[in-house]
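Each residue of the sequence shown is one higher than the one before, counting from 372 in our numbering.
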Amino acid sequence: MAAATTAAPATILELDPSNDRAGRVIEEIVRLERRIFPKHESLARSLHEELRRRNSGLIYSTSGADGEEVAGYAMYTCTTSLCATITKLAVRESCRRQGHGEALLNAAVERCRRRRVQRVVLHVDPARTAAVALYRKAGFQVDATVEGYYSPQRNAYRMYMDL
């Protein structure tokens, strides 16, 4: 059995649209969206619109020797003062199992906590067992199975965490 490698803690950054790098970061996230998610689940076409919403946030982690490559990202929306939704959490395939997903999830939850949100919800395909395990490890619980959430034959777990 090979020894597990210890990766450096993921650096989490908040997307700042006024920053010179924002355009490049958004382009990388759009490419990741297209690569990771089926077309009907991808936010690639509507990402700019999502980012304009006042109650939404996008955070991302970086990798590579220069820290320039987007390793993963998370989007969240605080729909009310009581509830927030993590709408996306994705990690580049070559960066998985290195702590990026956990760091992004924890950072998104913490940002919701700072806004005094009482509950965070998300949806996940039950077949994405690594994602389900990550959410459970963070303290999320399955609230319900939503039939046909992704498509007629693909359900979702609705998971929540009370803050």
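Idealized CB from N, CA, C, for every residue including glycine.
These numbers were taken from a predicted model, which means no experiment stands behind them.
- Counting along the chain, residue 443 sits inside the beta strand (DSSP E) bounded by residues 440-448.
- Going by DSSP, residue 492 is part of the beta strand (DSSP E) stretching over 490-495.
- By the C-beta criterion, the segment 466-477 is judged to be in contact with the segment 378-396, since at least 3 inter-stretch pairs fall below 8 Å.
- Sixteen is the threshold: when 16 or more other Cβ atoms of the shown chains lie within 10 Å of the Cβ of residue 455, as they do, the residue is buried.
- With contact defined as three or more Cβ pairs closer than 8 Å, the segment 457-465 and the segment 439-449 are in contact.
- Residue state for residue 418 is assigned as helix, using DSSP reduced to three classes.
- The beta carbon of residue 527 sits closer than 8 Å to those of 494, 495, 496, 497, 516, 517, 520, 521, all from its chain and outside the five residues before and after it, given in chain order.
- Non-local beta-carbon contacts of residue 533 in its own chain, meaning distances under 6 Å to residues more than five positions away in sequence, involve 490 in chain order.
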